[in-house]
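Counted the way the numbering used here counts, the sequence shown spans residues 996 to 1194.
Just so it is clear, CB atoms sit at the ideal spot from N, CA and C, and this is done for glycine as well.
Predicted, not measured: the structure shown is a model, and the values here were computed from it.
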Amino acid sequence: MFKLFFIILFFLFTDVAYNQTRVSVDGKIYYLVDAIVENGDTIPYIKLREIIILPPKVFTSKKQEQKYLRLVKNIKKVYPYAKLARNKMYEIHNNVIVLNTEFEKNKYIKVAEKELKNEFEDELKDLTITQGKLLIKLIDRETGQTTYEIVKELRGSVEAFLWQSVARIFGSSLKTEFDSEGEDKMIEDIIVRIDNGQI
């Protein structure tokens, strides 16, 4: 009965289980999970991600619905890049802090930049101006830093100023911040729905 309980538990939390350590015992595969002990009983402890339940979207006009659907389409296109930027920033930061000299740090950053450029340059060139502005906001949302601050940190003030000047030509700013409670409330709502699998 105890074994059956764990088998059912693993099927219920398959995506969580796959992130755990796999162990083979007597030819059978088991997953190690965190556990807590309460009153002498060992209980599996699996942390589930928070899911925010939102009501279905109601539109007052066809035009409003089309505008919303356009925004959803644009967010779905750029949101993965913002999450990737967050992950790459953490990776670069963690790798740079263990390097000893400024030369090693600059060399590492140039190699990382070249790899990213080779992998994503063509895709990012295909973004519209609207999608580019949206990406700048979402990078701030995901990393807690504006795109300007990231460029300044990794490439220096001069390069950050140059890229900011280019952004200004296209009516944008690398210093744009994400405001989830103000003008970007709708974007936040859409991202929550995307993360929940609602849209």
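Query: Helix, strand or coil for Ser1245 per DSSP?; Result: Residue 1245 is absent from the structure shown; the chain starts at 996 and stops at 1194.
Query: With which residues is Lys1023 paired in a DSSP beta bridge?; Result: Val1020
Query: Considering only DSSP beta bridges, list what Asp1036 is partnered with.; Result: Glu1033
Query: Taking 6 angstroms as the limit between beta carbons, can you name the residues of its chain near Thr1037, skipping five residues before and five after?; Result: Ala1030
Query: Assuming Ser1167 contacts Gly1127 under a Cβ cut-off of 8 angstroms, what Cβ separation, rounded to an integer in Å, is found between them?; Result: 6 angstroms
Query: Would you mind sorting Arg1136 into buried or exposed? The rule is 16 or more other CB atoms within 10 Å of its CB.; Result: buried
Query: On the DSSP letters alone, give me the boundaries of the alpha helix (DSSP H) that Asp1184 sits inside.; Result: 1180–1191
Query: Is it the case that the CB of Gln1126 approaches a heavy atom of the ligand GTP more closely than 7 angstroms?; Result: No copy of the ligand GTP appears in this structure; indeed no ligand is present at all.
Query: Is Lys1120 helix, strand or coil by DSSP?; Result: helix
Query: Would you give the residue range spanned by the alpha helix (DSSP H) that Pro1075 belongs to?; Result: 1057–1091
Query: When you compare the CB positions of Val1106 and Lys1100, do they come within less than 8 angstroms of one another, or not?; Result: no
Query: Determine the DSSP secondary structure at Ser1160, reduced to helix, strand or coil.; Result: helix
Query: For Tyr1143, count neighbouring Cβ atoms within 10 angstroms of its own Cβ and tell me buried if that reaches 16, exposed if not.; Result: buried
Query: Skipping 5 residues on each side, what residues in its chain have a beta carbon closer than 7 angstroms to that of Arg1081?; Result: Glu1137, Thr1138
Query: If you count every other CB in all the chains shown that lies within 10 Å of the CB of Lys1062, and 16 or more means buried, which is it?; Result: exposed
Query: Looking at Thr1125 and Asn990, is the spacing between their C-beta atoms short of 8 angstroms?; Result: Outside the modelled stretch of the chain, which goes from 996 to 1194, sits residue 990, for which no answer is possible.
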